[in-house]
Every structure is written in C-alpha cells, then in structure tokens.
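Here's the structure, in structure tokens; my notes come after.
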Amino acid sequence: MKGEDLQTNQNMPDRAAAHAAAQAEARRHAEAAPARPAGQMDMLHGPLAGKILAFAVPLIASGILQQSFNAVDVAIIGRYSTANAIAAVGSNGPIISILVNLFLGIAVGANVVIANYLGQRNHDGVRRSISTVMMVAVASGLLLLLLGVTLARPILEAMNAPAEVIDLATEYLRIFFCGMPFMMIYNFGSAIMRSVGDTRRPFYALLVATVVNLVLDLLFVAAFDMGVAGVAWATVIANAVNAAVMLIFLVRMPDPVALDFHNRHFSRSIFRKILVIGLPAGLQGMIFSISNIFIQSTINSYGAAAIAGSSAALTFEAYCYFIIVSFSASAIAFVGQNYGAGLYDRCRRVWGICLLYAFLFCGITNALIVIFGDQCIGIITTDPAVMVYAKERLHIVLMCQAIAASYEVSGSYMRGLGYSMTPMVLTIFGTCVLRLGWVYIYRDIDPSFMSLLTIYPISWVITGIAVVAAAFRVQRKAFRKLSPA
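Sequence positions in the sequence shown follow my numbering and run 306 to 790.
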C-alpha cells in the first residue's frame with residue numbers, strides 16, 4: 306500500500322491540475338450532455354440508476370454465455386459420457402482461473418486507465434492506451450498457452466486428482482489452453498468497450514461463439530464420439546470466432562476508441578499505469594484461485610461423485626457470480642470516468658447503486674436456484690450420488706453467495722479511484738488465508754463435506770466488513786488528494 310501511495314504522490318501536482326480543469330469543464334456541461342456515438346454511454350451526466358442497469362444487463366448476459374461454454378461442455382459430457390469425464394471437464398475451473406486471472410486483472414487496469422482518459426477528454430491517451438492494451442492481450446494469450454500446456458499435469462497431480470480422472474483432465478486442459486490467445490483478445494477488447502459504456506457488442510460476439518460451441522460440442526461428442534477432446538476443441542474454435550467478431554467491432558469503433566492495426570505503438574508509461582491498478586487485481590484473483598485449488602484438492606479426496614457434484618453446483622454459482630461481477634465492472638467503468646472528470650459525488654452514488662443491485666439480483670437468483678435445485682442439477686446429471694453432493698453445495702454456498710457483493714463491488718469502487726492494493730490485501734486475507742486455514746483444521750472439528758463448505762459464507766462476511774470499511778477510508782483520501790486547493 307505504501308508503494309501505491311508513493312506512485313500517487315509522485316504524480317499528484319500534474320494530476321490535481323488535470324482533475325481540477327476536468328472537473329470545471331464537466332460542471333460547465335452538466336446540464337447538456339454531449340452527443341455520443343451509437344453504442345456508447347454518457348456516464349458523466351444525468352441519472353445513474355437506469356444507466357448502470359443498462360450497462361450491467363448485457364454484462365450479466367455475457368457472463369452467462371461465457372460460463373455456458375463450460376456448462377455446455379459439462380452437460381453434453383454428462384449426457385453422452387461418464388462421471389469421470391464430467392469430473393475431468395468440470396474440476397478444471399480453479400486451474401484455468403489461477404493461470405488466467407492475473408491477465409484478467411490487468412484488463413481491469415486497462416478499463417480504469419482508458420475510462421480516466423475519457424473522463425479527462427484526453428483522446429491521445431485513449432489511442433495510445435488501446436494500442437498498448439491489444440499488444441498486451443496477444444502477448445498474454447501466447448504466454449498462457451505455453452504455461453497451460455506445460456503445467457497442466459503437474460498442477461493436477463499437486464491437486465491429488467484421482468487416477469481415473471487425471472489423464473482425461475490433462476487432455477482437456479492442454480487443448481483448452483490452445484485457445485488462450487483468442488480468449489485474451491476478447492477479454493481485453495471487452496475492457497476497452499466497457500470503458501466507453503458499450504457492453505452490448507461484447508455480448509453479441511459471445512452469443513455467436515456460444516452457438517458455435519454448442520453445435521460443435523454436439524457434433525464432436527454426440528456424433529463423432531470424441532469425448533473430452535471434442536468439447537475442448539469445440540471451445541477453442543468458438544473462442545477463435547469470438548475473438549474475430551470482437552476485432553471487427555473494435556476496428557469499427559469511432560475515434561479515439563477504434564483499434565488501428567497501423568498504429569502499433571506500445572507505451573511504457575501507460576502500461577505502468579495499467580499494472581499499478583491491474584496487477585494487484587490479477588494477483589488477488591490468482592491467490593483466490595490457489596485457495597480454491599486447495600479446497601478442490603480436499604473435495605477430490607471424497608471421490609469422483611463429490612468432484613462431479615461440486616462441479617455441477619459450481620456451474621450455477623458461476624452464473625450467479627457473474628451478476629456480482631457485472632455490477633463490479635459497472636462500478637469500475639462509471640467511477641473511472643467520473644473520477645477522471647472530478648465528479649466525486651457521482652462516484653459515491655455509483656458505489657451505492659452497484660452494491661444495492663448486486664445484493665438484490667444475486668440474492669433473488671440464488672434463492673430461485675436453491676428452490677428448484679433438483680431441476681437445475683438434473684440438467685447436468687441424473688446420477689443420484691452426484692446429485693447428493695451437488696445439492697449440499699447449493700444449500701451451503703450458493704444460498705449465501707450474495708454476501709460476496711459487499712467486497713467485490715467495494716473493491717471495484719476503490720480500483721476505479723486508482724487504489725488497487727488495499728482491496729487486494731484485504732480480500733486475500735479474508736477469502737484466501739481463512740479458507741486455507743479451515744482446510745487444515747476442519748477435519749478435526751467435523752470431517753464432513755458440508756463442514757468443508759461452511760468456510761465460504763464465513764469468509765464472505767469477514768471480507769465484506771473489512772473491504773467496505775476500507776472503501777470509506779480510501780474515498781476520503783482519494784477525493785482529498787485530487788481536489789483543487
């Protein structure tokens with residue numbers, strides 16, 4: 306946190322002057338919002354509640370479609386293959402997350418930096434940021450491809466994957482990571498579009514890719530009997546289509562947001578700004594995934610039925626979590642632009658609205674899935690042993706999931722203000738350190754599967770209290786530093 310504060314202090318005179326000028330300009334135009342190109346949203350003027358909802362709904366739909374890649378894989382494998390195949394595909398989520406989350410965090414940093422430049426009306430900064438971001442996307446994807454193919458089996462072995470699952474899981478992971486360059490292009494491209502308020506076109510790109518994934522899953526698994534390899538290759542091809550559609554959208558965006566392949570300028574200063582915000586977010590995601598790997602390793606000890614049941618329930622947790630993530634992304638984009646323009650009261654209102662929406666919509670969805678748990682799990686599997694474990698996880702973890710909105714949205718609020726280290730430290734302690742400690746002691750208290758899962762709601766409550774309190778402190782600090790004398 307000291308390093309973060311030092312970075313802020315070094316740039317404070319220039320930044321304070323820029324923010325003061327932007328704030329004065331924004332206030333002069335507060336009554337008459339400027340015209341925006343189609344698909345872009347004016348985040349600096351007018352009521353916020355409706356705009357935040359309009360921004361978040363396509364993100365929620367995109368998250369559902371993105372999760373459907375894995376859910377469709379699991380469902381089709383469940384219908385046309387064995388419980389071991391379900392476990393091989395479904396248990397890889399934590400491994401994929403640990404390798405991918407660092408770069409998704411960097412994409413968050415890109416979102417904040419571009420949004421700040423847009424709020425300041427610094428078009429040259431926007432252009433240089435977009436060129437830099439897309440270079441980072443391609444490099445990230447190639448690095449992830451190498452890491453995933455190389456580390457797939459060692460990580461599975463470290464997780465104590467059962468002998469009957471590990472070969473299939475390794476095969477799936479190695480093929481899956483061949484699509485990482487495409488996945489990174491899509492995710493970094495989405496970050497660019499979110500910074501200008503466009504969440505619809507990333508949804509359209511995902512919709513096309515999801516249809517491709519479903520058709521190829523059925524073709525490769527049901528018709529060609531390719532099993533785990535079939536769903537993996539279907540996902541890779543669908544990600545390639547997704548990236549291609551995203552690039553078409555980016556090229557057609559209006560200046561200064563349009564992607565220009567002739568402008569391949571890499572800005573070190575902008576990359577450093579992105580890393581200041583994005584690297585802590587990515588490290589938080591990585592360490593969060595490491596804690597989940599330890600929990601997954603413990604789940605593995607209960608056998609293939611527990612792995613498959615937990616994976617089935619986790620599919621629905623991921624769907625609901627995208628509601629929280631979508632309002633967190635809304636907080637980053639709206640706060641980023643309004644903070645860049647010096648509109649601090651709007652920043653506070655964005656935080657409150659996003660928190661309320663995330664709690665409300667996630668909580669309602671959690672309750673509906675638990676009420677109709679048999680039907681939901683039945684979509685994925687009809688194996689009685691698998692369903693027992695799946696329903697236990699639904700009742701303990703999913704039912705309390707809305708609590709996580711407290712720290713996710715508040716952490717995103719701080720990142721929109723340029724403070725990424727504080728939420729990282731608190732979230733790592735609350736959701737990672739506590740969970741790892743529980744993994745080592747719970748068997749002495751109660752070695753049941755249900756007992757293992759109780760750490761999720763406990764850690765969410767503790768982390769939420771800490772991060773919300775920190776957000777109040779950070780906003781006072783951020784607004785005081787950049788207010789004109």
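All residues carry an ideal CB built from backbone N, CA and C; glycine is no exception. On a predicted model such as this, the values are computed, not experimentally measured, just so you know.
Taking SER711 as reference, the option from ALA690, TYR745 and LEU661 with the minimal CA-CA separation is LEU661. For the segment 688–729, the continuous alpha helix (DSSP H) assignments of 4+ residues that do not extend past its boundaries occur at 689–701 and 710–721, in sequence order. Under the three-state reduction of DSSP, ASN465 is assigned to coil, being neither helix nor strand. Between TYR745 and PRO752, the alpha-carbon positions lie close to 11 Å from each other. Counting along the chain, the unbroken alpha helix (DSSP H) around CYS667 starts and ends at 649–676.
Secondary structure note for GLN589: its alpha helix (DSSP H) is the uninterrupted segment 573–605. Put simply, the segment 622–630 does not touch the segment 494–508. Fewer than three CB pairs are less than 8 Å apart.
Within its own chain, the residues whose Cβ lies closer than 6 Å to the Cβ of ILE575, once the five positions on either side in sequence are excluded, are ARG433, SER434 and THR437, listed in chain order. In this structure, ALA695 keeps its C-beta atom at 7 Å or more from the C-beta atom of GLY608.
Here the segment 469–484 lies against the segment 536–549, with 3 or more beta-carbon pairs under 8 Å apart.
By the neighbour-count criterion, in which a residue is buried when 16 or more other Cβ atoms sit within 10 angstroms of its Cβ, GLY368 is buried.
For MET498, the enclosing alpha helix (DSSP H) begins and ends at 485–500.
DSSP places ASN568 in the coil class of the three-state scheme, outside both helix and strand.
Contact between MET591 and ASN406 holds: their C-beta atoms lie close to 5 Å from each other, under 8 Å. In this structure, DSSP gives LEU451 a helical state, which the three-state scheme calls helix. Counting of Cβ neighbours within 10 angstroms places MET348 among the buried residues, the total reaching 16 or more. If you draw a 10 Å sphere on the C-beta of ASP530, you find fewer than 16 other C-beta atoms in it, and that means exposed.
Between VAL779 and LEU722, the beta carbon gap of about 6 Å places them in contact (Cβ cut-off 8 Å). When VAL773, VAL526, ARG785 and LEU699 are compared, the shortest CA-CA separation from LEU758 is found for LEU699. Less than 7 Å divides the Cβ of ASN547 from the Cβ of ALA514.
With fewer than 16 other beta carbons inside 10 angstroms of its own, ASP429 counts as exposed.
VAL431 carries a helical assignment under DSSP once its states are collapsed to helix, strand and coil. Around the beta carbon of ASN568, fewer than 16 other beta carbons sit within 10 angstroms, so the residue counts as exposed. In the three-state reduction of the DSSP assignment, MET558 falls in the coil class, being assigned neither a helical nor a strand state. Rounded to the nearest whole angstrom, the C-alpha separation of TYR747 and GLY735 is 17 Å. Residue range 739–750 is occupied by the alpha helix (DSSP H) that includes GLY742. Straight through space, the alpha carbons of ILE419 and TYR644 are spaced by roughly 12 Å.
Going by C-alpha positions, PHE571 is about 24 Å away from VAL550. Cβ-Cβ distances below 7 Å link THR727 to MET306, MET719, ALA775 and VAL779 in the same chain, with the five nearest sequence neighbours on each side left out; the list follows chain order. Residue state for ARG458 is assigned as helix, using DSSP reduced to three classes. The closest CA to that of PRO762, considering only GLY678, TRP743 and ALA496, is found on TRP743. About 5 Å separates the beta carbons of PHE621 and ILE674, which is inside the 8 Å limit, making them a contact pair. Where GLY614 is concerned, the enclosing alpha helix (DSSP H) starts and stops at 609–645. If you draw a 10 Å sphere on the C-beta of MET488, you find 16 or more other C-beta atoms in it, and that means buried.
The C-beta of PRO352 has fewer than 16 other C-beta atoms within 10 Å across all chains shown, which makes the residue exposed.
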